[in-house]
Amino acid sequence: MSHSLVYHATSATNAEKILNGELSPRSYITSCLQLAEYYAETFEDEGEDAVILAFQLPADAVLEPDRAGICEPIMTVLRSEFDLYSEEDVLNGWESTGGTGRDCLDLIGSAVLMTAVDGTTIQAVYGEEHLSSGLVFYPAPGM
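Taking my numbering, I'd label the letters of the sequence shown as residues 1427 to 1569.
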């Protein structure tokens, strides 16, 4: 499966740094907006303003598996978006893959991005009202 548009949920403070610089290596990404919304809600539950960023996943992006997502999957999202109904389904699905980051993105919709992404290719798609009014937004390619 090809995932060209991916999301990253973060705090408004971090989103501004990313949009004005880059998304750092070792950042968690998801191909599923509902999963990004779940993570954004965790920021809001901690009293922070959340922002969801979106960008086209570069073809040469290096991904690692989201091992935490495999071991402790967000079943509410996986049931509705990925037809995985139990943790056993996730583990069995994972064991039948090659174990790559892209396999993880295909299976549970999340992975760890090991390469940086230029902030000018990223767009805020949720929570943009929490960002500085002087911040320049660049539309991500294909959006």
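Note that CB positions come from ideal geometry on N, CA and C, so glycine has one too.
In the assembly as shown, Asn1440 is a buried residue. Its beta-carbon has 16 or more other beta-carbons within 10 Å. The Cβ-Cβ distance between Gly1527 and Leu1489 falls below 8 Å. In this model, Gln1460 and Glu1521 are separated by some 25 Å (Cα to Cα). In this model, Thr1546 and Lys1443 are separated by some 11 Å (Cα to Cα). Per the Cβ contact rule, the segment 1445-1463 is in contact with the segment 1533-1552 (3 or more Cβ pairs under 8 Å).
Taking a 10 Å sphere around the C-beta of Ser1457, we find 16 or more other C-beta atoms and assign the residue as buried. For Asp1544, the closest C-alpha among the options Ser1437, Gly1447, Thr1436 is that of Gly1447.
A residue is called buried when at least 16 other Cβ atoms come within 10 angstroms of its Cβ; Ala1466 meets this threshold and is buried.
If you look at Ala1537, you'll find it in the beta strand (DSSP E) that goes 1536-1539. With respect to Glu1498, Ser1437 sits apart: the two C-beta atoms are not nearer than 8 Å. With fewer than 16 other Cβ atoms inside 10 Å of its own Cβ, Tyr1511 counts as exposed.
In the DSSP assignment, Thr1436 falls within the unbroken beta strand (DSSP E) covering 1431-1437. Assignment of Thr1523 by DSSP, reduced to helix, strand and coil, places it in the coil class.
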